[in-house]
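The structure under discussion appears below in the form of structure tokens.
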Amino acid sequence: MQESFIFTISATADKTILGRIVQLFTRRNIAFQNLIASRPDDEANYHYRIEAKTTQRWAEQINKELRRIIGVAHAAVLRQEEVAWMPVALYRINRRQLPQPVLEHILLAHQARLLTADSESIVLEKAGDAGSSLALLEALQPYGVQEVSKSGAMIMAG
Amino acid sequence: MSTKEKPAPALPDNAKIVSGAEAVILSLMAEGTETIFGYPGGAIMPIYDALYDYADQLNHILVRHEQGAIHAAQGFARVTGKVGVCFATSGPGATNLVTGLADAKADSTPLVCITGQVAAPLLGTDAFQEADVISITTPVTKWNIQVTDAADIPAAISKAFYLAQSGRPGPVLLDITKDAQFTKAPFSYERCTEVKHYAPKPPLSIAAAEQAADLINSAKKPLILAGQGVHLAGAHEELLALAEKADIPVATTLLGLSAIPSEHPLNVGLLGMHGNYAPNVKTNEADLIIAVGMRFDDRVTGRTDTYAKQAKVIHIDLDPAEINKIIRADVALVADAREALAALSVLAEENEHREWLQEFQVCMEKEYEKVVRHDLFPADEKMITMGEVLRFINETAEADSILVTDVGQHQMVASRYFNYRRRNSNVTSGGLGTMGFALPAAIGAKAGRPEAQVIAVIGDGGFQMNIQELGTIMQTGLAVKVIILNNNYLGMVRQWQQLFFEKRYSFVEMENPDFVKIAQGYGIRARKVERREELQAILEAVLESPHAEVLEVLVGKEDNVFPMVPTGACVSEIRLE
């Protein structure tokens, strides 16, 4: 049975490692639902978080093969309920069409925050699951949404 | 000195300033490399130029195609246990290595391949003979790296050698840009002894070994499956010690052949699709399977849902990713095969399994009557069989001879009938099944062990896939014996079309050239045998000759290889006809 698994990988800053990670999935015809690569400022290692739908058997096998990649310091496979995860969405709105009182109301009602603003547009940020980000989008649509960007899930293992 | 310039690093006492190209050569020599297989071209010319000055210290074998270089390096590595080294230029030179890299990855063969690359400023510009070699080779290498700075070359090569041969061996590729080859940098060499986060030799769990020993001591019908890991770990003596002490029959995988001498009383034959009848049938009757350095390849297991369900399984493998991948282990020993077998041979009790061994004997006799007798001693009216060629080879070959096979019917026949007397005397393409492997691999094997007789048994299809390497034999004078078993068919495909595709022979019949004339054109002695009465004498002359020889033997066109486990069948459903 297919289910969503979260793969967390910590690896040295080797340019070829992401390619090696990706091919373990592609060779088995498994698509990513989400991929985040990051390098915390205070760490030498890169962190990769991958969400993919597959069987438990393949998830376990891929995890073992991730561990044998030269340069991988740590790899683990987890189910969604075993991780803290949250998508982040950004919304660019036409500033002129969004009155200040309405903006304040929306920010409060949807637990969003104002990220940047200039004379033409403002950018709002919202962390939350797909339903809550959609609700915010619907609330903003009457005021001219210019662009929406979603990060996929930010994941914190364990 | 301007403040923007980097201060010169403090040089060790043994450091000298050399070009990146010379650093490549010096690094290889520091690793003990004596033989390189390669083919020059634009982007690797600085390395070849540096090699010119060291030609008296390094033996470079000029092949005729880069695929030949890498298969030769594989043959060299397999018979010597050392790292095989090959050179190729950028672009097509490098891409021609890909099949060999995949083959070496599948068969855990230690290689260091060095490719030239366009100069760093040209990377990504679609420059002449530029190919993204790192991306292309990532899935088929254990590790690869692009080097753009001459100063990084010694450390990269040192790491490459360490990774290629430690843990589960495999191919490693270094892609070195042309400017890095030209640039001068301080050279000093330090052998790599560890890589961060890499644990090549996991410690043996004594508790797991004791559990395994308990299973061995209580088993009534144990069976050892010996794979390539026995060779890689040099665990031949430990394997025999365990098998003989506990009286356990030993079957081998294709790559495990020669892990135990063919004539050893506990050797019960070859596993797998075209292996022997007894070990396949008895796999599904054994109460304990002891898998050593093998990975339960689908050619060995057949249908996995019916494979050895009655048996407990002990799986010994250095690579944790192989444990439970195909067949679930009751006890896993993630360890070097030599260490694990040494521990088990101490913990195992002396035992006897006479009745169990007798059951193998009964199966062997059945196989002999149905298959072996007809293969080795065919009726007079039949054309020469592949099996009888092997029988005559066994009668004539030297005791330490090495058999190199290609892929197809002849491979299975040769693997079944060759008398392996020496460890590491089997060189073949196992996991990837690469036609065209044998001719260059035999060249590499002969270069690695010039004192040994190297016999390459090849089909007419595979021979033509790297036939150009006859030129390498001509130029080097390496005395390889090439036996072409010619049935004018892609025989294994034809066999399957006959058995499973209603005899619809779709593009398998070969109209072949005159192999004798071709070999003679390369200055190689060549002969052809069509009649049985000529075979033995000519084969003796070929094998006893001090020179390279090509012998073409016309064999039965539509002979089939049996036994056979059909695809999707379980191993105990092996067919004898």
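As given, the protein sequences belong to chains S and P, one line each in that order. Just so you know, we're using numbering that gives the first Met the number 0 here: the first sequence kicks off at 0 and counts up by one. Just so you know, we're using numbering that gives the first Met the number 0 here: the second sequence kicks off at 0 and counts up by one. Beta carbons: idealized from backbone N, C-alpha and C, even for Gly.
Proximity test, Cβ basis, 7 Å: residue i and chain P
| i | result |
| --- | --- |
| T15 (chain S) | yes |
| Q22 (chain S) | yes |
| G130 (chain S) | no |
| K149 (chain S) | no |
| Q60 (chain S) | yes |
| K63 (chain S) | yes |
| G18 (chain S) | yes |
| R67 (chain S) | yes |
Chain S within 7 Å of residue i, Cβ atoms only
| i | result |
| --- | --- |
| Y197 (chain P) | yes |
| I133 (chain P) | yes |
| T136 (chain P) | no |
| A568 (chain P) | no |
| K200 (chain P) | no |
| P319 (chain P) | yes |
| K324 (chain P) | yes |
| W495 (chain P) | no |
| W142 (chain P) | yes |
Pair within 7 Å by beta-carbon distance, residue i and residue j
| i | j | result |
| --- | --- | --- |
| E321 (chain P) | G67 (chain P) | no |
| E65 (chain P) | A49 (chain P) | no |
| I313 (chain P) | A211 (chain P) | yes |
| S187 (chain P) | A14 (chain P) | yes |
| T475 (chain P) | I60 (chain P) | yes |
| R112 (chain S) | E103 (chain S) | no |
| V481 (chain P) | V453 (chain P) | no |
| T108 (chain P) | Q73 (chain P) | yes |
| P153 (chain P) | S26 (chain P) | yes |
| N423 (chain P) | V78 (chain P) | yes |
| M272 (chain P) | V564 (chain P) | yes |
| D399 (chain P) | A339 (chain P) | no |
| Y142 (chain S) | I92 (chain S) | yes |
| L553 (chain P) | P562 (chain P) | no |
| V62 (chain P) | T471 (chain P) | yes |
Where the beta strand (DSSP E) containing residue i begins and where it ends
| i | result |
| --- | --- |
| Q99 (chain S) | Q99 (chain S) -> not in any beta strand (DSSP E); alpha helix (DSSP H) instead, spanning 99–108. |
| L489 (chain P) | Here L489 (chain P) belongs to no beta strand (DSSP E), and DSSP marks it neither H nor E. |
| K183 (chain P) | 183–186 |
| G458 (chain P) | 453–458 |
| F4 (chain S) | 2–10 |
Residues that residue i contacts on chain C, provided the C-beta gap is smaller than 7 Å
| i | result |
| --- | --- |
| V71 (chain S) | Note that chain C does not occur in the displayed structure, where the protein chains are S and P. |
Cβ neighbour criterion (16 or more within 10 Å) applied to residue i
| i | result |
| --- | --- |
| V345 (chain P) | exposed |
| N279 (chain P) | buried |
| I205 (chain P) | exposed |
| D117 (chain S) | exposed |
| A54 (chain P) | exposed |
| E551 (chain P) | buried |
| P98 (chain S) | exposed |
| G123 (chain P) | exposed |
| P264 (chain P) | exposed |
| M85 (chain S) | exposed |
| M155 (chain S) | exposed |
| M491 (chain P) | buried |
| L498 (chain P) | exposed |
| P8 (chain P) | Any answer about P8 (chain P) is weak, because its pLDDT of 49 lies below 50 and its placement is not dependable; what the coordinates show is given next. Answer is exposed; the Cβ neighbour count stays below 16. |
Run of the alpha helix (DSSP H) containing residue i, from where it starts to where it stops
| i | result |
| --- | --- |
| L537 (chain P) | Looking at the sequence itself, residue 537 (chain P) is Ile, so the reference to Leu does not match. From DSSP, the alpha helix (DSSP H) with I537 (chain P) extends over 531–543. |
| F127 (chain P) | First-last for F127 (chain P): undefined, no H or E at that position. |
| M44 (chain P) | 44–51 |
| L402 (chain P) | Segment 401–404 is the beta strand (DSSP E) holding L402 (chain P); no alpha helix (DSSP H) there. |
| Y276 (chain P) | 276–282 |
| M85 (chain S) | Counting along the chain, M85 (chain S) falls outside any alpha helix (DSSP H), though it belongs to the beta strand (DSSP E) covering 82–93. |
| H235 (chain P) | 235–245 |
Within 8 Å, do at least three Cβ pairs link the region 459–476 of chain P to the region 428–441 of chain P? yes
Determine contact between the region 214–225 of chain P and the region 247–264 of chain P, defined as no fewer than three beta-carbon pairs at a distance below 8 Å. yes
The region 512–525 of chain P / the region 340–359 of chain P touching (three or more Cβ pairs under 8 Å): no
With a threshold of 8 Å, are at least 3 pairs of Cβ atoms found where one atom belongs to the region 21–40 of chain S and the other to the region 280–291 of chain P? no
contact_flag[the region 411–418 of chain P, the region 257–274 of chain P] where n(CB pairs < 8 Å) is 3 or more: yes
Just checking, does the region 207–223 of chain P make contact with the region 321–340 of chain P on the three C-beta pairs under 8 Å criterion? yes
Pair every Cβ in the region 355–367 of chain P with every Cβ in the region 535–552 of chain P, then say whether three or more of these pairs are closer than 8 Å. no
The region 255–264 of chain P / the region 235–242 of chain P touching (three or more Cβ pairs under 8 Å): yes
Examine the Cβ distances between the region 169–187 of chain P and the region 33–50 of chain P and report whether three or more of them are shorter than 8 Å. yes
Do the region 120–139 of chain P and the region 183–197 of chain P meet, that is, are 3 or more Cβ pairs less than 8 Å apart? no
Quick check: the region 299–317 of chain P against the region 366–380 of chain P, are at least 3 beta-carbon pairs closer than 8 Å? no
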